[in-house]
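Asker: In our numbering, the protein residues as written are 816 to 1160. Positions of the beta carbon are idealized from the N, C-alpha and C atoms, including for glycine. Let me begin by handing over the structure; questions about it come next.
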């Protein structure tokens, strides 16, 4: 297994936008973690000082298009673009159809060249539902297909304006902070790879990637998030927030115990854990089985994902299937029992 940790400011630039747009979700999502005050203050500053036009454009061209922005991140990674100015210049030069093709390729959307508008919409709807991107709107994606040049131009204008007015002023500070974190985390992974993987990765078991190439990208704005991408060349790309380093703290383990007990006390979450422990489930299939919406399912999965007890795998029609990581689940339970009972003897 070949593993390395990298940092790319372009990823943080894009993730800062999704963080600003989805700011209200973070406090509830991150109760077990201490969030970075500098990030919280920056997000609030942007929200308070963004003019109505930029706010409207960010919400329209970016806010309901988060997975589309993932395609931009994948494009930057694949093309080794680690400069925001170069990214924006490249996007300026490309045509609207070029951007649409990047979205199709990087998100692996199965859209034939001669597909009708209805077929395209169905593929996008299925993909968003599969990935539980309940905040994204298929209508925005369709506008990129209907009016590619106009949408691409407005997206680039919006990204550039946000960069010039806000992000550029903090860019060097973010780089300096993350350079330090990058060195610290490279030491952590060198000292104990298994411990690093258990703490920083929440979506896949290390045994799955034992004979694969793994590229880690440490992130600032998605400070406790974790993302996974697998490409046909056999490479796993894992983005993770530096704030997950808090899981190295023994006190965090006790908070995990309390969180697990809370989860098991919720009927729907108990059922989800029970079902995922028996076999892998496609997200909509699981939601339908429980009689809840995919948006509700997404909420439950996000709440539980920080415990690292779920893995995802690609199944039929490239659908994402969830399953319980029994080893991690048992480890949390056993550690809890040891701390409560055995440690007292």
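With distances taken between CB atoms, is the gap from residue 1084 to residue 1112 smaller than 8 Å?
Answerer: Within the chain shown, residue 1084 is the residue found at index 269, counting from 1. Within the chain shown, residue 1112 is the residue found at index 297, counting from 1. No; because the gap between Cβ atoms is not below 8 Å, this pair is not in contact.
Asker: Since I believe residue 832 is in contact with residue 865 (beta carbons under 8 Å), could you give me their beta-carbon distance rounded to a whole number of angstroms?
Answerer: One-based indexing of the chain shown puts residue 865 at position 50. One-based indexing of the chain shown puts residue 832 at position 17. Not quite, the Cβ-Cβ distance comes to about 11 Å (not below 8 Å), so this is no contact.
Asker: In whole angstroms, what separates the C-alpha of residue 995 from that of residue 877?
Answerer: The residue labelled residue 995 in the question sits at position 180 within the chain shown. The residue labelled residue 877 in the question sits at position 62 within the chain shown. Using only the alpha carbons, I get a separation of about 30 Å.
Asker: CB residue 879 to CB residue 955, shorter than 8 Å?
Answerer: If you number the chain shown from 1, residue 879 lands on position 64. If you number the chain shown from 1, residue 955 lands on position 140. With contacts defined as CB atoms closer than 8 Å, residue 879 and residue 955 qualify as a contacting pair.
Asker: Within 10 angstroms of its Cβ, does residue 823 collect 16 or more other Cβ (buried), or is it exposed?
Answerer: Counting from one through the chain shown, the residue named residue 823 turns up at place 8. With 16 or more other Cβ atoms within 10 Å, it is buried.
Asker: Less than 6 Å between C-beta atoms, sequence neighbours within five positions excluded: which residues of the same chain meet that for residue 839?
Answerer: Here residue 839 refers to the residue found at position 24 of the chain shown. Once the five neighbours on either side are set aside, residue 839 has no close Cβ partner at all.
Asker: Restricting to runs no shorter than 4 residues, where is the alpha helix (DSSP H) found entirely within the stretch 938-989?
Answerer: 953-961, 963-977
Asker: Pull up the distance between the alpha-carbon of residue 1042 and that of residue 929, whole angstroms please.
Answerer: The residue labelled residue 1042 in the question sits at position 227 within the chain shown. The residue labelled residue 929 in the question sits at position 114 within the chain shown. Each residue's Cα considered, the two are about 32 Å apart.
Asker: Do you know whose CA, among 1016, 1145, 1079, lies nearest residue 1126's CA?
Answerer: By one-based count along the chain shown, residue 1126 stands at place 311. If we check each option's Cα against that of residue 1126, 1016 comes out closest.
Asker: So, are the CB atoms of residue 1139 and residue 1091 less than 8 Å apart?
Answerer: Translated into the one-based positions of the chain shown, residue 1139 becomes position 324. Translated into the one-based positions of the chain shown, residue 1091 becomes position 276. Yes; because the gap between Cβ atoms is below 8 Å, this pair is in contact.
Asker: Which of helix, strand or coil does DSSP assign to residue 1036?
Answerer: Residue mapping note: residue 1036 aligns to position 221 of the chain shown, counting from 1. Residue state, collapsed to three classes: coil.
Asker: Within its chain, find whatever has a CB closer than 6 Å to the CB of residue 967; leave out the 5 residues flanking it on each side and keep chain order.
Answerer: The count along the chain shown starts at 1 and reaches residue 967 at position 152. Only 911, 914 meet the Cβ criterion.
Asker: To which residues of the same chain is residue 1088 closer than 8 Å at the C-beta, ignoring the five residues directly before and after it?
Answerer: The sequence position of residue 1088 within the chain shown is 273, counting from 1. 1078, 1079, 1119, 1124, 1139, 1144, listed in sequence order.
Asker: Would you call the CB atoms of residue 1033 and residue 901 closer than 8 Å?
Answerer: Within the chain shown, residue 1033 is the residue found at index 218, counting from 1. Within the chain shown, residue 901 is the residue found at index 86, counting from 1. It is not a contact, given that the beta carbons lie outside the stated cut-off.
Asker: To the nearest angstrom, report how far apart residue 1101 and residue 1136 are at their CA atoms.
Answerer: Taking the chain shown and counting its residues from 1, the one referred to as residue 1101 is at position 286. Taking the chain shown and counting its residues from 1, the one referred to as residue 1136 is at position 321. Residue 1101 and residue 1136: Cα-Cα distance of roughly 10 Å.
Asker: Just the C-alpha distance for residue 1049 and residue 867, rounded to the nearest angstrom, thanks.
Answerer: Counted from its first residue, the chain shown places residue 1049 at position 234. Counted from its first residue, the chain shown places residue 867 at position 52. Their backbone Cα atoms lie some 44 Å apart in a straight line.
Asker: May I ask you to report which of helix, strand or coil DSSP gives residue 887?
Answerer: Counting from one through the chain shown, the residue named residue 887 turns up at place 72. Three-state DSSP puts residue 887 in a helix.
Asker: Residue 1053 by DSSP, collapsed to three states: which one?
Answerer: Position 238 of the chain shown holds residue 1053. Assigned with DSSP and collapsed to three states, residue 1053 falls in strand.
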